[in-house]
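A.B. asks: From first to last, the protein sequence lines are chains A and B. Take the first sequence: its letters are residues 0 to 438, numbered as in numbering that gives the first Met the number 0. Take the second sequence: its letters are residues 0 to 438, numbered as in numbering that gives the first Met the number 0. Virtual Cβ for every residue (Gly too), placed ideally from N, Cα, C.
2 protein chains.
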Amino acid sequence: MNRIFIVKFLRFKRANTHKTMKAIIITIGDEILIGQTIDTNSAWMGQQFNMKGISVEEIVTIKDTEEAIRTAVHAALQKADLVVTTGGLGPTKDDLTKETLAAYFGKKLVTHPVILERIESYFKKRGRTLNEQGKKVALLPEDTRLFMNHKGTAPGMWFEKEGKIVVALPGVPYEMKRFIKEDILPALESHLQGQILVHKTIMVAGVGETAVAEAIEKIESSLPAYIKLAYLPNLSILRVRLSAIGTDEEKLRKEVQKWTDQIVDTIPNWVYGFDELRLEKAVGNLLLEKKARMAIAESCTGGQIASQVVSIPGSSEYFEGGVVAYSYELKTALLGVKPETLASKGAVSKETVEEMARGAIENLHVDYSIATSGIAGPGGATADKPVGTIWMAIASKDATKSKKFQLTDHRDLNIKMTANLALNELRKFILKENAAAEA
Amino acid sequence: MNRIFIVKFLRFKRANTHKTMKAIIITIGDEILIGQTIDTNSAWMGQQFNMKGISVEEIVTIKDTEEAIRTAVHAALQKADLVVTTGGLGPTKDDLTKETLAAYFGKKLVTHPVILERIESYFKKRGRTLNEQGKKVALLPEDTRLFMNHKGTAPGMWFEKEGKIVVALPGVPYEMKRFIKEDILPALESHLQGQILVHKTIMVAGVGETAVAEAIEKIESSLPAYIKLAYLPNLSILRVRLSAIGTDEEKLRKEVQKWTDQIVDTIPNWVYGFDELRLEKAVGNLLLEKKARMAIAESCTGGQIASQVVSIPGSSEYFEGGVVAYSYELKTALLGVKPETLASKGAVSKETVEEMARGAIENLHVDYSIATSGIAGPGGATADKPVGTIWMAIASKDATKSKKFQLTDHRDLNIKMTANLALNELRKFILKENAAAEA
Chain A
0 MNRIFIVKFL RFKRANTHKT MKAIIITIGD EILIGQTIDT NSAWMGQQFN MKGISVEEIV
60 TIKDTEEAIR TAVHAALQKA DLVVTTGGLG PTKDDLTKET LAAYFGKKLV THPVILERIE
120 SYFKKRGRTL NEQGKKVALL PEDTRLFMNH KGTAPGMWFE KEGKIVVALP GVPYEMKRFI
180 KEDILPALES HLQGQILVHK TIMVAGVGET AVAEAIEKIE SSLPAYIKLA YLPNLSILRV
240 RLSAIGTDEE KLRKEVQKWT DQIVDTIPNW VYGFDELRLE KAVGNLLLEK KARMAIAESC
300 TGGQIASQVV SIPGSSEYFE GGVVAYSYEL KTALLGVKPE TLASKGAVSK ETVEEMARGA
360 IENLHVDYSI ATSGIAGPGG ATADKPVGTI WMAIASKDAT KSKKFQLTDH RDLNIKMTAN
420 LALNELRKFI LKENAAAEA
Chain B
0 MNRIFIVKFL RFKRANTHKT MKAIIITIGD EILIGQTIDT NSAWMGQQFN MKGISVEEIV
60 TIKDTEEAIR TAVHAALQKA DLVVTTGGLG PTKDDLTKET LAAYFGKKLV THPVILERIE
120 SYFKKRGRTL NEQGKKVALL PEDTRLFMNH KGTAPGMWFE KEGKIVVALP GVPYEMKRFI
180 KEDILPALES HLQGQILVHK TIMVAGVGET AVAEAIEKIE SSLPAYIKLA YLPNLSILRV
240 RLSAIGTDEE KLRKEVQKWT DQIVDTIPNW VYGFDELRLE KAVGNLLLEK KARMAIAESC
300 TGGQIASQVV SIPGSSEYFE GGVVAYSYEL KTALLGVKPE TLASKGAVSK ETVEEMARGA
360 IENLHVDYSI ATSGIAGPGG ATADKPVGTI WMAIASKDAT KSKKFQLTDH RDLNIKMTAN
420 LALNELRKFI LKENAAAEA
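Have a look at this one:
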């Protein structure tokens, strides 16, 4: 226990001597306060700021009233160097952030002709006409740094006062994310004071946090105080992240790489890549290397695996397509699963998924296939096949491999975890084939 | 601009005359600030409080330091009648909530023998032994109302000072939820003064916030001060929410229903349902009513539509399955698209999506089908088909209807918006058919 505290203390002291920038995130919107929406924006921003060594001191959600906005921004400026607000920049009557901040910083609102033009062309492109209310978005505080919105209409705003910064961004997640990555973080660079954070994320699939923590326990306890290790699990994918803090970037990078190598050498089969590499991209890369094509035969995952594969730009190079064979009829008609197999073994069985995977190879003329069939829930369970029973198979022209998993009681989790587990099985299948070919 | 402020001001005053109980939720924990965990507790609590007419004024996440806890609780008590903290009640050194609150309210910490016994038996039951650190949980502020933890060890605490309440609960979701439902909400009843909030959400698809705001502008500006309207857009789905505050629940429900009806009557074709109904569920309900089955032929959406349909439990009742025809070959082999059509018109064309939709009807033997083909981006654009060009078709046994959309520059958005737009087109197609059959 003591060791942890020393680490915390050292880190804290170190951060202080370097004058860590402190940030407060303010989310504006009643829909979060009444529990209609879960605030995922702030967690994402917290990650981004943390990566840059900016310490997020508070995350606050407030009502969309002038008073709440003014009070929260004022209070945050007493405690932080950087205040980021999201929400309340749209054209409707609920949207008061711009008006409130302009008043707070003593700025007049004036129509910004360039932005008005952009909004007009944005609407025109989409075959819509801009009404008076929509034009309100171009009414902006004068003498204020503005950032263009490349994914929507409302611009981002950057106010400064007595060395402190207030940034106002739209609350739409993809608009906010682009602003943070492409405008705000780069603009903050000049305000950060030489403190450097170096991260390396090891991407692990198909194994739990506890098993990984146990396997690399010795490495973890040997880490120097300025390197921190975090486990970030999500739907059968685990990120193991090393973060080093200091001033000598070159040295930090070397150190982090050294520890990364040690971890990878300890759990080589579990690691599929680094630094936010998506599993579907890792699989795509293997297929591209082999100039091979794949197809997917999905039952319980119902298109989830295909949609993940297709989310990667350029996936048409290796993805032929797939079949969502939700009914017995389609399993038979499109994938050639024998009616006898379905009748005697059921859809959720080793035999059925193997026939589905082989059917995809033969009927869709590809090199590799993935097949899934399971009880996603909440209905459909039998005595020997409870909710969460999942069969998956991988096939190539010459071989078929299947595996059973017992997952959770939650439909949504079962579908998404199965998709990741199946992609990981295909990855391991191809790697094993590659290794055999080399031997 | 002025009118907006008057409405808001009136609303604010009105709320005050009814003495709504105001609450602030404080979440204690670094893991949320660095984005390692998403705070779902607060949204859940917000829902619970909101239903009881307690207005959640703020949701705050803070660091797990004594200073942060003391400062946040003190600030919250200036603004709210009820402050609920979660987290920091466990046995480790990071857990400082209890110590901080006891000091803040001037209470000594003493070992609570009954709770110590409970914790000992809790451990014994699970075959674990309680160490000295674990016993720390039974060290509790004296003269303080405590609630037993039936799902863990740390008790809940209830402090009162000058008519204001501070409740401290563990952060583990299922422990916190049990405390709120079974202890805190019942204990709050005597403090509530009959203030009630009534909500109604109108679900709209396929049309933007601005168009809806324009269409219902007159209704919006006629709303009485105690009814508020909010627009919550997300990926071609728009929630229009009415919230009424007052004391007479029956009257509020009637009033909200009256205004809801007015809005629906003004934009009948855009509304697909109420109160968080998902679009794929609305479509499913229509199919169930008709005892009809559907299939999906996806190109650019790559399984997204199928995965949304399948996300609804029981979808196998009306969902046959689908084809993700990413390549020309599969479009021809599985859906019967003519090679000449693909050669002369291209995959992203009216002719191709219509043949895909018809192919799904004929080859997959269903009553309705959806087909999509488009340039999701970033690659694949041509001079006359920029990124975001999407064709979709809906077919029944007797008819085919197709439509072109020009969406965004972003692959992910284009895929998800297309999925919602296509589901909405199928919904409108079936409704039109139903109307024609009735006429």
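With a cut-off of 8 Å, do at least 3 Cβ pairs link the region 406-416 of chain A to the region 374-388 of chain A?
C.D. replies: The region 406-416 of chain A, when compared against the region 374-388 of chain A, does touch it at the 8 Å Cβ threshold.
A.B. asks: Would you mind listing the alpha helix (DSSP H) stretches within the region 117-198 of chain A that are 4+ residues and don't spill past its ends, in chain order?
C.D. replies: Listed in chain order, they are 131-134, 172-177, 184-187.
A.B. asks: Counting only Cβ pairs nearer than 9 Å, list the residues of chain A close to Leu405 (chain B).
C.D. replies: Your numbering for residue 405 (chain B) matches position 406 in the second sequence. Before going further, note that residue 405 (chain B) is Gln rather than Leu in the sequence given. Per Cβ cutoff of 9 Å: Lys124, Arg125, Gly126.
A.B. asks: Would you give the residue range spanned by the beta strand (DSSP E) that Tyr367 (chain A) belongs to?
C.D. replies: As a position in the first sequence, residue 367 (chain A) is number 368, starting the count at 1. Run containing Tyr367 (chain A): 367-373, per the beta strand (DSSP E) assignment.
A.B. asks: Apart from the five residues just before and just after Gly45 (chain B), which ones in its own chain have a Cβ nearer than 8 Å to its Cβ?
C.D. replies: Numbered from 1 along the second sequence, position 46 holds the residue referred to as residue 45 (chain B). Within the same chain, Gly45 (chain B) has close Cβ partners Ile24, Val55, Ile58.
A.B. asks: Could you tell me which residues DSSP pairs with Met50 (chain A) in its beta bridges?
C.D. replies: One-based indexing of the first sequence puts residue 50 (chain A) at position 51. Beta-bridge pairing links Met50 (chain A) to no other residue.
A.B. asks: Would you list the one or two residues that DSSP bridges to Met391 (chain B)?
C.D. replies: As a working note, residue 391 (chain B) is residue 392 in the second sequence. B:Thr371, B:Lys402.
A.B. asks: Output the distance between the C-alpha atoms of Gly170 (chain B) and Val322 (chain B), rounded to the nearest integer angstrom.
C.D. replies: Taking the first residue of the second sequence as 1, we reach residue 170 (chain B) at position 171. Taking the first residue of the second sequence as 1, we reach residue 322 (chain B) at position 323. Each residue's alpha carbon lies about 44 Å from the other.
A.B. asks: Excluding five sequence neighbours on each side, which residues of the same chain lie with their C-beta closer than 7 Å to the C-beta of Ala291 (chain B)?
C.D. replies: In the second sequence, residue 291 (chain B) corresponds to position 292, counting from 1. For Ala291 (chain B), where only same-chain residues beyond five positions count, the Cβ hits under 7 Å are Tyr317, Asp366, Tyr367.
A.B. asks: Along the chain, which unbroken stretches of the beta strand (DSSP E) at least 3 residues long are found entirely within the region 285-316 of chain A?
C.D. replies: Correct list: 293-297.
A.B. asks: Can you give me the Cβ contacts of Ser41 (chain B) inside the same chain, cut-off strictly under 7 Å, excluding the 5 residues immediately before and after it?
C.D. replies: The residue you call residue 41 (chain B) lines up with position 42 of the second sequence. Closer than 7 Å at Cβ, skipping near neighbours: Ile24, Thr26, Ile58.
A.B. asks: For Gln405 (chain A) and Ile374 (chain A), I'd like the C-alpha separation in whole angstroms.
C.D. replies: Residue numbering aside, residue 405 (chain A) sits at position 406 when the first sequence is read from its first letter. Residue numbering aside, residue 374 (chain A) sits at position 375 when the first sequence is read from its first letter. Straight-line Cα distance between these residues: approximately 10 Å.
A.B. asks: Measuring only the C-alpha atoms, how far is Thr16 (chain B) from Ile244 (chain B)?
C.D. replies: In the second sequence, the residue the question calls residue 16 (chain B) occupies position 17. In the second sequence, the residue the question calls residue 244 (chain B) occupies position 245. Legend: pLDDT at Thr16 (chain B) = 44, less than 50; position of this residue unreliable, value from coordinates given subsequently. Looking at the two C-alpha atoms, the distance is approximately 11 Å.
A.B. asks: Quick one: is Leu363 (chain A) near chain B, going by C-beta distance under 8 Å?
C.D. replies: Within the first sequence, residue 363 (chain A) is the residue found at index 364, counting from 1. Cβ-Cβ to chain B under 8 Å: yes for Leu363 (chain A).
A.B. asks: Residues of chain A with CB closer than 7 Å to the CB of Gln35 (chain B), please, in chain order.
C.D. replies: Locating residue 35 (chain B) in the second sequence gives position 36, where the first residue counts as 1. Per Cβ cutoff of 7 Å: Ala229, Leu231.
A.B. asks: To the nearest angstrom, how far is the alpha carbon of Pro154 (chain A) from that of Asn233 (chain B)?
C.D. replies: Residue 154 (chain A) sits at position 155 when you count from the first residue of the first sequence. Residue 233 (chain B) sits at position 234 when you count from the first residue of the second sequence. One C-alpha to the other measures close to 18 Å.
A.B. asks: Excluding the 5 residues flanking Thr91 (chain B) on each side, which residues of the same chain have their C-beta closer than 8 Å to its C-beta?
C.D. replies: If you number the second sequence from 1, residue 91 (chain B) lands on position 92. Excluding sequence neighbours, Thr91 (chain B) sits near Gln132.
A.B. asks: Below 9 Å between beta carbons is the criterion; list the residues of the region 317-344 of chain B that meet it against any residue of chain A, in chain order.
C.D. replies: The region 317-344 of chain B vs chain A, Cβ under 9 Å: Phe318, Glu319, Gly320, Gly321, Val322, Val323, Ala324, Tyr325, Ser326, Glu328, Leu329, Lys330, Ala332, Leu333.
A.B. asks: Identify every run of the beta strand (DSSP E) within the region 224-257 of chain A, keeping only runs that are complete inside it and at least 3 residues long; order them along the chain.
C.D. replies: If we require 3 residues or more, the beta strand (DSSP E) runs fully inside the region 224-257 of chain A come out as 226-233, 236-245.
A.B. asks: Excluding the five sequence neighbours on either side, which residues of its own chain have a C-beta within less than 7 Å of the C-beta of Asn49 (chain B), listed in chain order?
C.D. replies: Position 50 of the second sequence, counted from the start, is the residue given in the question as residue 49 (chain B). For Asn49 (chain B), where only same-chain residues beyond five positions count, the Cβ hits under 7 Å are Val55, Leu196.
A.B. asks: In terms of alpha-carbon separation, which member of B:Met156, B:Ser306, B:Arg127 lies closest to Ala98 (chain B)?
C.D. replies: Along the second sequence, read from residue 1 onward, the residue named residue 98 (chain B) stands at position 99. In the sequence on display, residue 98 (chain B) carries Glu and not Ala. Glu98 (chain B) has its Cα closest to that of B:Met156, out of B:Met156, B:Ser306, B:Arg127.
A.B. asks: The alpha helix (DSSP H) spanning Thr96 (chain B) covers which residue range?
C.D. replies: As a first step, residue 96 (chain B) is located in the second sequence; it is residue number 97 there, counting from the start. Residues 96-103.
A.B. asks: Rounded to whole angstroms, what's the CA-CA distance from Ala370 (chain A) to Val352 (chain A)? Just pull it up for me.
C.D. replies: Within the first sequence, the letter at position 371 stands for residue 370 (chain A). Within the first sequence, the letter at position 353 stands for residue 352 (chain A). Straight-line Cα distance between these residues: approximately 6 Å.
A.B. asks: For Tyr271 (chain B), count neighbouring Cβ atoms within 10 angstroms of its own Cβ and tell me buried if that reaches 16, exposed if not.
C.D. replies: Numbered from its first residue, the second sequence carries residue 271 (chain B) at position 272. Per the 10 Å Cβ criterion, buried.
A.B. asks: So what's Arg266 (chain A) in DSSP terms, helix, strand or just coil?
C.D. replies: Indexing the first sequence from 1 puts residue 266 (chain A) at position 267. In the sequence as presented, Arg is not what sits at residue 266 (chain A); that position holds Ile. Ile266 (chain A) falls in the coil class under three-state DSSP.
A.B. asks: With distances taken Cα to Cα, identify the nearest neighbour of Met293 (chain B) among B:Thr340, B:Gly162, B:Leu422.
C.D. replies: Locating residue 293 (chain B) in the second sequence gives position 294, where the first residue counts as 1. The shortest C-alpha separation from Met293 (chain B) is found at B:Leu422.
A.B. asks: What's the gap between the Cα of Ser315 (chain B) and the Cα of Asn268 (chain B)?
C.D. replies: Taking the first residue of the second sequence as 1, we reach residue 315 (chain B) at position 316. Taking the first residue of the second sequence as 1, we reach residue 268 (chain B) at position 269. Using only the alpha carbons, I get a separation of about 28 Å.
A.B. asks: Look up Val203 (chain A) in the DSSP assignment and give the residues it is bridged to.
C.D. replies: In the first sequence, counting from the first residue as 1, residue 203 (chain A) sits at position 204. Its beta-bridge partners are A:Leu237, A:Val270.
A.B. asks: Within 8 Å (strictly less), CB to CB, does Glu65 (chain B) reach chain A?
C.D. replies: Within the second sequence, numbered from 1, the residue matching residue 65 (chain B) stands at position 66. Chain A contact via Cβ: absent.
A.B. asks: I'd like the list of long-range same chain contacts for Ala67 (chain B), defined as Cβ closer than 7 Å, with 5 residues on each side in sequence excluded.
C.D. replies: Within the second sequence, residue 67 (chain B) is the residue found at index 68, counting from 1. Excluding residues within five positions, the ones whose Cβ falls inside 7 Å are Ile61.
A.B. asks: Below 8 Å on C-beta distance, what does Leu196 (chain A) contact in chain B?
C.D. replies: As a working note, residue 196 (chain A) is residue 197 in the first sequence. Chain B residues near Leu196 (chain A): none, gap ~11 Å exceeds 8 Å.
A.B. asks: Identify every residue that forms a DSSP beta bridge with Ala22 (chain B).
C.D. replies: As a position in the second sequence, residue 22 (chain B) is number 23, starting the count at 1. Beta-bridge pairing links Ala22 (chain B) to B:Val55, B:Leu81.
A.B. asks: Do the region 74-86 of chain A and the region 202-221 of chain A touch if we need at least three Cβ pairs shorter than 8 Å?
C.D. replies: Flag = no, the region 74-86 of chain A and the region 202-221 of chain A do not touch.
A.B. asks: Tell me which residues of the region 72-94 of chain A have at least one Cβ-Cβ distance to chain B shorter than 8 Å, keeping chain order.
C.D. replies: For the region 72-94 of chain A, which is checked against every Cβ of chain B, the residues closer than 8 Å are Ala74, Gly89, Pro90, Thr91, Lys92, Asp93.
A.B. asks: Please decide whether Trp390 (chain B) counts as near chain A, where near means a Cβ-Cβ distance under 8 Å.
C.D. replies: Position 391 of the second sequence, counted from the start, is the residue given in the question as residue 390 (chain B). No, its Cβ sits nowhere closer than 8 Å to a Cβ of chain A.
A.B. asks: Does DSSP put Ile37 (chain A) in a helix, a strand or coil?
C.D. replies: Residue numbering aside, residue 37 (chain A) sits at position 38 when the first sequence is read from its first letter. Reduced to three states, the DSSP call for Ile37 (chain A) is coil.
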